[in-house]
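Oh and the sequence shown: position 126 is 126 in full-length UniProt numbering, straight run, nothing missing. For every residue, glycine included, the Cβ atom is placed at its ideal position computed from N, Cα and C.
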Amino acid sequence: MEQFNILWNNTGLYQMVWGQGLMLLVGILLIYLAIVKKFEPLLLLPIGFGAILSNIPGANLAVDGGILHLFYMVGIESGAFPLIIFMGVGALTDFGPLLANPKTLILGAAAQFGIFATLLGAVGLSALGIFDFTL
């Protein structure tokens, strides 16, 4: 009987708290919605998988030194993941409508000019002391 108690104390079910169980159920629900109901699968599937992966009891994947902490340090804290995502979105851009109607190039150029003008305005207002845009 003592060995069964040792086995039970070393299992993940013994180490699980109610918050982990709830998040495991939420992760399973998100994966179900993504796969079976086809509801935003590109968004819900990774979120559900991450919720399950980070809440596995006793695995210590999200603590310092775990694999998820390593992904956080390399990808999110360094700012590499947003760059990779935007490169992927840029690679998926369809230039077919632009080639069919070249006048739409003016709309894209106007959008870029608006971003550049906003940056110059923020720097100018910050330099004049009217508004502080520093972090």
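Less than 9 Å separates the beta-carbon of glycine 19 from that of asparagine 55. The C-alpha of lysine 103 is placed about 46 Å away from the C-alpha of leucine 70. Distances from the alpha-carbon of alanine 34 to those of Gly108, Gln112, Ile47 put Ile47 closest. A Cβ-Cβ distance of about 5 Å is found for the pair leucine 30 and leucine 44, placing them in contact under the 8 Å criterion.
Cβ atoms of proline 57 and glycine 114 stay farther apart than 8 Å, at about 50 Å. Between glycine 90 and phenylalanine 81, the gap from beta carbon to beta carbon reaches 9 Å or more.
Distance from leucine 98 to leucine 92 at the Cβ level is roughly 14 Å; contact not present, criterion being Cβ atoms closer than 8 Å.
If the five residues before and after leucine 125 are omitted, its C-beta is found closer than 8 Å to the C-beta atoms of Phe131, Phe133, all from its own chain and listed in chain order. Within 10 angstroms of the beta-carbon of glycine 27 lie 16 or more other beta-carbons, which makes it buried.
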